[in-house]
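Residue numbers (my numbering): 2 to 395.
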Amino acid sequence: MIGKALALRIFDAASMQRWNDKICPVELRELDKQAHKMIIAFVLGKFEDNKEFDWIELIEGGIFEFLHRLVLTDLKPQIFYRIKEDQAKYAELNQWVYQQLESALSPLGKDFSSRFKQYLRAGKEDINQRILSAAHFYATKWEFDIIERANPNGYEIPEIKRSLESRQEKYYDLKGIQELALYSQLRNFIDLCGQLRFQTRWSHVLRVPRTSVLGHMLVVALFSYLFSLQIKACPKRRYNNFYTGLFHDLPEVLTRDIISPVKRSIKGLSRLIKTYEKKRMEEEVYRLIPKRWHSEMRMFTENEFKSVVTVGGRPQRKRSIEITKAFNRDPYNPRDGEIIEATDHYAAFLEAYLSLKNGITTQELGDAKTAIRKRYEGKVIGGIDFGRILADFD
Numbered sequence: 002m003i004g005k006a007l008a009l010r011i012f013d014a015a016s017m018q019r020w021n022d023k024i025c026p027v028e029l030r031e032l033d034k035q036a037h038k039m040i041i042a043f044v045l046g047k048f049e050d051n052k053e054f055d056w057i058e059l060i061e062g063g064i065f066e067f068l069h070r071l072v073l074t075d076l077k078p079q080i081f082y083r084i085k086e087d088q089a090k091y092a093e094l095n096q097w098v099y100q101q102l103e104s105a106l107s108p109l110g111k112d113f114s115s116r117f118k119q120y121l122r123a124g125k126e127d128i129n130q131r132i133l134s135a136a137h138f139y140a141t142k143w144e145f146d147i148i149e150r151a152n153p154n155g156y157e158i159p160e161i162k163r164s165l166e167s168r169q170e171k172y173y174d175l176k177g178i179q180e181l182a183l184y185s186q187l188r189n190f191i192d193l194c195g196q197l198r199f200q201t202r203w204s205h206v207l208r209v210p211r212t213s214v215l216g217h218m219l220v221v222a223l224f225s226y227l228f229s230l231q232i233k234a235c236p237k238r239r240y241n242n243f244y245t246g247l248f249h250d251l252p253e254v255l256t257r258d259i260i261s262p263v264k265r266s267i268k269g270l271s272r273l274i275k276t277y278e279k280k281r282m283e284e285e286v287y288r289l290i291p292k293r294w295h296s297e298m299r300m301f302t303e304n305e306f307k308s309v310v311t312v313g314g315r316p317q318r319k320r321s322i323e324i325t326k327a328f329n330r331d332p333y334n335p336r337d338g339e340i341i342e343a344t345d346h347y348a349a350f351l352e353a354y355l356s357l358k359n360g361i362t363t364q365e366l367g368d369a370k371t372a373i374r375k376r377y378e379g380k381v382i383g384g385i386d387f388g389r390i391l392a393d394f395d
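Printed below as a string of structure tokens:
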């Protein structure tokens, strides 16, 4: 089970400001950077046909690197890379990182903790780690292009630019990086996803920390994946749950974050918004990505809170508990929309809880926290006891 300590630790990334020694025209937060990185890794992975490539290893590697970053956020990149060159010192540093997270990770079980520790010890970079490294670089370069405009003659700017340019050459062997260099549509897709960094959740309510739509998407993806491990989901089910979480609010880049009370205020408005989102996705998003990705992206962004399997080439609605009993195998292409919806609400609960804890006492935050807590009281969804999870915050 995802314990309270780990949930709150993950939200620390929403308060971690990047490039905090440079003039920043917009806030650049670690949570958003990690979300953007995982979207870029998805794009790069789609072009990979290396037999060693594995989606689950890519996803878990991204989670492990995110956890690693939570502890080491204050280390400047130059210092971090210098330490990494000394294998003995780097091993000591990673051991210390694991110790800082060990108690928070323990509720997830020994297997996950063991894989995390092994990832930190790995000395050789495989194709999955190379894709994550390239995605990390690309997301950093995306941020630097913003920073450079605000600091054209700033201290270290020429040095950082030279360093990024030299690192870029390291990834030219990856097919996905070649595709990004050749085709502006793919770059525009990554830029479009990046815009969700600048769309604030609950923008009408003062909150601390403030979270973006993009950061929220990563939180839902991480929790959905960890819940999938808890119910022993097959690899394809874990993949679908993670990427549905990561892309479930992508249409909001076209419509902005419309809060639930507004959606419910007029009968049929929620359905109308969904229809509009679908139309705009067809017009503006799908044209940016290869056609062979379209059906999967529709699953991630349309009816994202419905649990489905594929039988005889056709999607069928099933409850998560039914999937676990009879369809928990890769050929059925299962996805737990119910768990993802509950996870989405859990993330919203945490956003309200943290703001209240940090002294922002508003009616809206208190009502949201109470309503979500009441909605899931005593509820078990797909084998996950959400009532018990939320009760930990009482």
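By construction, the Cβ of each residue, glycine as well, lies at the ideal position given by its N, Cα and C atoms.
- Each residue's CA atom was taken as its position, placing Asn129 and Leu59 some 5 Å apart.
- Per the DSSP secondary-structure output, Asp337 pairs with nothing in a beta bridge.
- Annotated as proximal: Tyr226 and Arg239, with beta-carbon spacing under 8 Å.
- With a minimum length of 3 residues, there is no unbroken run of beta strand (DSSP E) contained wholly in the region 40 to 74.
- Within the DSSP secondary-structure output, Asp386 pairs in a beta bridge with Val381.
- Within 10 angstroms of the beta-carbon of Asn21 lie fewer than 16 other beta-carbons, which makes it exposed.
- Annotation: His137 to Gln35 spans about 8 Å, alpha carbon to alpha carbon.
- The region 87 to 100 and the region 115 to 128 touch, with no fewer than 3 CB-CB distances between them shorter than 8 Å.
- Straight-line measurement puts the Cα of Glu378 at about 17 Å from the Cα of Met2.
- Contiguous alpha helix (DSSP H) elements confined to the region 315 to 360 occur at 338 to 358, taking only those with 4 or more residues.
- Looking at the DSSP output, Ser213 bridges to Thr201.
- Residue environment: Gly216 is assigned as buried (16 or more neighbouring CB atoms within 10 Å of its CB, all protein chains considered).
- DSSP places Thr311 within a strand segment (E or B) once states are collapsed to three.
- Looking only at Lys142, Tyr173, Glu170, the smallest Cα-Cα distance to Ile161 is reached by Lys142.
- Excluding the 5 residues flanking it on each side, His37 has same chain C-beta neighbours closer than 6 Å at Ala140, Gly195, in chain order.
- The alpha-carbon separation between Ser204 and Arg150 amounts to approximately 26 Å.
- Residue pairing by DSSP places Gln18 opposite Arg30 in a beta bridge.
- Taking a contact as a CB-CB distance under 8 Å, the pair Val209 and Ile361 counts as one, their CB atoms being some 6 Å apart.
- Take Leu133, set aside five residues on each side of it, and the residues of its chain with a beta-carbon closer than 7 Å to its own are Ala42, Leu59, Gly62, Gly63, Glu66, in chain order.
- Per the coordinates, the alpha-carbon of Lys370 lies some 30 Å from the alpha-carbon of Arg318.
- Each residue's CA atom was taken as its position, placing Glu49 and Ser229 some 25 Å apart.
- In this structure, DSSP gives Phe81 a helical state, which the three-state scheme calls helix.
- In this structure, DSSP gives Cys194 a helical state, which the three-state scheme calls helix.
- For Arg198, the CB contacts under 6 Å within the same chain, skipping 5 residues up- and downstream, are Asp33, Ser213, Leu215 in chain order.
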